[in-house]
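Residue numbers (our numbering): 270 to 493. Glycine included, C-beta positions come from ideal geometry on N, C-alpha and C.
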């Protein structure tokens, strides 16, 4: 009830989700006070702005549980308007904590790969590069635009290794095994360099190999 600033009904499932009783949600202030501090800076204003305009909205925020921990909530809100003015909010809350934790973990892993000092590329099972980090560009001299969609053979093949070398490498990773070894490759400027490389198959939820991740370290100085 917007005009009287009170919650007229809260489903009993709220207790299972947050630990709070339905009667604890007496007004909007209770909701605001139990938001994560950073979310207090924007979530109430975000909701108020859409409510004032009479527009349905949805947003995600962190909410304090009765045990002192926080959970992520996706709040889907519809606004009932009468005579041009909003009078009621109706909505439902979804616990999306698990999804947010997975997203944060993936983001952390992605940043670790991106900022790695070692050159890293990710290819599909045919060897086409789908992702590379800045260290790979720095090592080889190719920009990311020149890298993505190409096979490493098109970019850094040196001709030093025999065909049997690559056949053995591919037999190993296609069988699902990890490959590790040394290889001589060629930079964009034509100079050869030695690298130590590890290639690991990446499987999906059905245990099917979908990608290969190659981690490369320039060992030219050590070889000298």
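Would residue 352 pass as an interface residue toward chain B - the criterion being a Cβ-Cβ separation below 8 Å?
Among the chains of the structure shown, chain B does not appear; only one protein chain is present.
If we ignore side chains and look at the alpha-carbon of each, how far apart do residue 315 and residue 307 end up?
Here residue 315 is taken as the residue at index 46 of the chain shown, counted from 1. Here residue 307 is taken as the residue at index 38 of the chain shown, counted from 1. Taking the straight line joining both Cα atoms gives about 13 Å.
Would you call the segment 353-367 and the segment 379-389 in contact, with 3 or more CB pairs under 8 Å?
These segments do not touch.
Compare the C-alpha of residue 339 against each of 305, 301, 280 and name the closest.
In the chain shown, counting from the first residue as 1, residue 339 sits at position 70. Nearest option by C-alpha distance: 305.
For residue 344, which of helix, strand or coil comes out of DSSP?
As a working mapping, residue 344 is identified with position 75 in the chain shown. Here residue 344 sits in strand by DSSP.
On the DSSP bridge list, what partners appear for residue 448?
As a first step, residue 448 is located in the chain shown; it is residue number 179 there, counting from the start. Beta-bridge pairing links residue 448 to 468.
Can the beta-carbon of residue 420 be found less than 8 Å from the beta-carbon of residue 459?
Counting from 1 along the chain shown, the entry for residue 420 is found at position 151. Counting from 1 along the chain shown, the entry for residue 459 is found at position 190. Result no, Cβ atoms of residue 420 and residue 459 do not sit closer than 8 Å.
So residue 327 packs on residue 350, CB below 8 Å; how close in whole Å?
Position 58 of the chain shown holds residue 327. Position 81 of the chain shown holds residue 350. The Cβ separation is near 17 Å, so there is no contact.
Cβ atoms of residue 424 and residue 435: under 8 Å apart, would you say?
On the chain shown, residue 435 is found 166 positions in, with the first residue counted as 1. On the chain shown, residue 424 is found 155 positions in, with the first residue counted as 1. Cβ distance not < 8 Å, so residue 435 and residue 424 don't count as in contact.
Of the residues 386, 341, 290, 275, which one's Cα is nearest the Cα of residue 298?
Here residue 298 corresponds to residue number 29 of the chain shown, with the count starting at 1. For residue 298, the nearest C-alpha among the options comes from 275.
Would residue 481 and residue 442 qualify as a contact pair, given that the criterion is a beta-carbon distance under 8 Å?
For this step, residue 481 is matched to residue 212 along the chain shown. For this step, residue 442 is matched to residue 173 along the chain shown. Yes, these two residues count as a Cβ contact at 8 Å.
CB-CB under 7 Å to residue 386, same chain, minus the five flanking residues each way: which ones, in chain order?
Here residue 386 is taken as the residue at index 117 of the chain shown, counted from 1. 404, listed in sequence order.
According to the neighbour-count rule (16 or more other Cβ atoms, all chains shown, within 10 Å of its Cβ), is residue 414 buried or exposed?
Locating residue 414 in the chain shown gives position 145, counting from the first residue. Label assigned to residue 414: exposed.
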